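Start counting the sequence shown at 0; every next residue gets the next number (numbering that gives the first Met the number 0).
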Amino acid sequence: MKRHGRPAGPPDGGYGWVVCFAAFWTSGVVFGIQNNFAVTYVAILDAFPGADAFRTAWIGSLNWGLQHLCSPLAGVLVDRMGCRKTACVGAVLVFTGLMTSSFASRLEILYVTFGIITGTGMAISNVAAITILGHYFTTRLGLVNGFATTGSCVFTASLPYVINALLRHIGLFNTFRCLSVLGASLLLCALSFKTVPQDVDLHGDAGRKGTANPDDHQDEKTPLRPVERRVSFARRATSVLNMRIWKNRAFVVWCAGCACALTTYYVPHVFIVKHASLILPTYKNEVLVTCIGASSWAGRMFWGRIGDFPRVRRVRLHQMAFFVTGLCSTLVPIATHFAALATLTVVIGFFDGAYISLIGAIVYDMFGRRDAPQAIGSNYGVCAVPLIIGMPLAGFIYDAQLSYQGTYFFAGAPMILGACILFLMPNDNQTELDMAGAADSEKTPLRPGEGYGDTFAATSADEKGYGERSKCVRITSPVDDYGYGDRPECVLITSPVDDYEVIFDRISSV
């Protein structure tokens with residue numbers, strides 16, 4: 000369906016596959032370096048005399064925490080600067096953080112360089128990479144998100160051997176310099192994040208060039224009235240942070256469940272190599288990180304495809320992933336054979352794929368493309384504080400017991416609790432279109448002769464284009480609430496003129 004000569008939706012291919020590969024590489028560099036902190040963690044303990052598990056765990060904790068904490072900022076930057084410029088900023092920060100880490104003379108310096116600077120750059124790069132996919136794909140969004148996020152699996156599975164070889168031959172600090180080259184490669188990926196023409200309408204205001212609504216330009220030289228100037232100023236002042244997303248109950252409950260689960264979600268990734276070296280010292284235990292990465296790659300492709308099925312609720316896949324990962328974490332201490340330990344890491348990695356690959360798709364289910372950047376960033380931001388606290392607390396438990404048994408028993412509880420919180424979500428995801436219809440409490444009834452399938456405009460705007468317009472559009476869903484037949488609905492939307500084209504494009508793309 001076309002409107003004003005423009006395509007109604009994303010291209011679903013073409014140059015989008017180049018962008019998808021760039022997002023794949025970005026995900027690989029960001030999460031590959033993060034997930035292999037389990038290997039770097041052992042080298043840091045050896046390189047800094049007097050370092051203990053509690054103090055060293057703060058380095059990885061800050062890196063993961065800032066990667067989540069700065070994601071809301073990344074969402075704002077994507078809205079303001081676009082995906083390409085935002086990703087470039089993130090790439091520069093990742094390179095700077097890794098390079099300066101190679102000159103650290105004390106453990107506390109790594110808190111700033113590897114933890115804060117690198118973590119912030121990873122947050123910005125990751126949000127931009129996830130957001131740009133929704134500009135090019137709709138029907139394959141789950142599969143494409145699954146493929147793009149498998150980059151982290153490929154890098155997680157391969158980097159342990161590379162990092163171990165570098166650590167043995169050139170030491171910790173030269174290894175950081177080599178990793179900074181990977182950080183620099185993110186800049187090339189960022190340059191490929193070219194936006195599609197729809198972004199002008201999706202993220203633009205009424206008076207910006209490229210807006211398709213002709214009424215918005217019919218009298219551009221007419222000055223705003225005093226009341227309108229005050230309203231315009233208020234909109235600009237509140238447009239930096241999108242508070243509308245927090246009116247969605249499904250989003251709030253989903254963020255709460257994710258925040259609880261991510262308190263200890265990365266404990267198996269960080270401590271698994273050190274734990275295995277204590278109970279199975281004769282094995283090459285970095286293979287366990289490879290098991291997590293390889294199985295996570297398979298999981299992301301599998302769950303991404305499963306999430307595209309129309310009857311599957313992607314949030315329930317998240318819920319299942321949290322529960323299974325928490326259960327496997329509690330079983331790690333009783334796995335005294337390498338085969339059993341490797342099996343648990345494979346299961347953890349496989350269901351990690353369900354969590355990582357569906358974050359972007361779940362957000363697009365709830366909000367569509369316009370609110371997606373800040374919604375993705377806000378979800379990561381809510382999870383930041385629990386994530387920062389969780390790993391040092393796990394390290395503290397090890398220091399107190401000199402055993403990782405209590406650490407893994409502790410790690411399972413928040414993840415299972417997070418899965419239980421997701422039971423509080425509404426039965427149906429509340430999309431952006433649902434919120435727009437629910438916000439309009441004064442719905443105009445259909446006039447005689449206006450039935451389902453008709454599209455009409457009843458406008459209260461004056462001759463200058465001020466005021467609001469209503470739109471009635473037939474939307475047919477494949478099944479009704481009980482699973483029988485088609486169900487036509489007439490959705491009446493009343494919105495300000497500057498938001499009207501955005502909402503119409505949402506309906507058109509469906």
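Glycine residues also receive a C-beta, built at the ideal position from the N, C-alpha and C atoms.
From a predicted model like this one, the values you see are computed outputs, not experimental measurements.
Exposure of residue i, with buried meaning 16 or more beta-carbon neighbours within 10 Å
i, result
"residue 45", "exposed"
"residue 37", "buried"
"residue 336", "exposed"
"residue 13", "exposed"
"residue 598", "Summary: the structure shown does not reach residue 598, with the chain confined to residues 0 through 509, and so no result is reported for it."
"residue 134", "buried"
"residue 55", "buried"
"residue 19", "buried"
"residue 333", "exposed"
"residue 63", "buried"
"residue 51", "exposed"
"residue 85", "buried"
"residue 289", "buried"
"residue 348", "buried"
"residue 256", "buried"
"residue 393", "buried"
"residue 58", "buried"
"residue 119", "buried"
"residue 511", "Only positions 0 to 509 of the chain appear in this structure, which leaves residue 511 out of reach."
"residue 422", "exposed"
"residue 16", "exposed"
"residue 167", "exposed"
"residue 272", "buried"
"residue 318", "buried"
"residue 245", "exposed"
"residue 426", "exposed"
Where residue i sits in the DSSP three-state scheme
i, result
"residue 335", "coil"
"residue 401", "coil"
"residue 103", "coil"
"residue 243", "helix"
"residue 125", "helix"
"residue 176", "helix"
"residue 214", "Caution applies to residue 214, whose pLDDT of 38 falls short of 50 and renders its modelled position unreliable; the value that the coordinates give is listed next. Residue 214 falls in the helix class under three-state DSSP."
"residue 46", "helix"
"residue 36", "helix"
"residue 525", "Because the chain here runs from 0 to 509, residue 525 falls outside it and cannot be looked at."
"residue 263", "coil"
"residue 134", "coil"
"residue 61", "helix"
"residue 84", "helix"
"residue 13", "coil"
"residue 51", "coil"
"residue 273", "helix"
"residue 257", "helix"
"residue 163", "helix"
"residue 69", "coil"
"residue 471", "At residue 471 the pLDDT is 47, less than 50, meaning the model places this residue with poor confidence and gives no usable figure here."
"residue 97", "helix"
"residue 282", "coil"
"residue 139", "coil"
"residue 342", "helix"
"residue 194", "coil"
"residue 4", "Because residue 4 carries a pLDDT of 42, less than 50, the predicted location of this residue cannot be relied on, and the following value inherits that uncertainty. Note: residue 4 maps to coil in three-state DSSP."
beta-carbon residue i near the ligand SAH non-hydrogen atom, thresh 6 Å
i, result
"residue 32", "No copy of the ligand SAH occurs in the structure displayed, which carries no ligand at all."
Original post:
Should the region 22-34 be called in touch with the region 152-169, which here means at least 3 C-beta pairs below 8 Å?
Top reply: Yes: at least three Cβ pairs fall under 8 Å.
Original post:
Are at least three pairs of beta-carbons, each pair with one atom in the region 88-106 and one in the region 45-62, less than 8 Å apart?
Top reply: Flag = yes, the region 88-106 and the region 45-62 touch.
**OP:** Evaluate the contact criterion for the region 74-92 versus the region 180-195: three or more CB pairs, one atom per stretch, below 8 Å.
**Re:** Short answer: they touch.
Subject >> the region 395-412 contacting the region 302-314, beta-carbon criterion three pairs below 8 Å >> reply: A contact is defined here as three or more CB-CB pairs under 8 Å, and the region 395-412 fails this definition with respect to the region 302-314.
Subject >> Residue ranges of each beta strand (DSSP E) within the region 352-430, 3 or longer >> reply: Runs of the beta strand (DSSP E) inside the region 352-430: none found.
**OP:** At 3 residues or longer, and completely inside the region 298-332: list those beta strand (DSSP E) runs for me, N to C.
**Re:** Within the region 298-332, no complete beta strand (DSSP E) run reaches 3 residues.
**OP:** Flag this pair as touching only if the region 249-259 and the region 296-306 have three or more C-beta atom pairs under 8 Å; answer yes or no.
**Re:** Between the region 249-259 and the region 296-306 there are fewer than three C-beta pairs closer than 8 Å, too few to call the two in contact.
**OP:** Could you tell me whether the region 168-178 touches the region 73-84, using the rule of 3 or more Cβ pairs below 8 Å?
**Re:** Because the criterion of three Cβ pairs below 8 Å is not met, the region 168-178 and the region 73-84 do not touch.
**OP:** Please determine if the region 384-400 and the region 257-273 are in contact, where contact requires at least 3 C-beta pairs separated by less than 8 Å.
**Re:** Flag = yes, the region 384-400 and the region 257-273 touch.
Original post:
Contact between the region 362-369 and the region 282-296: three or more CB pairs below 8 Å?
Top reply: These segments do not touch.
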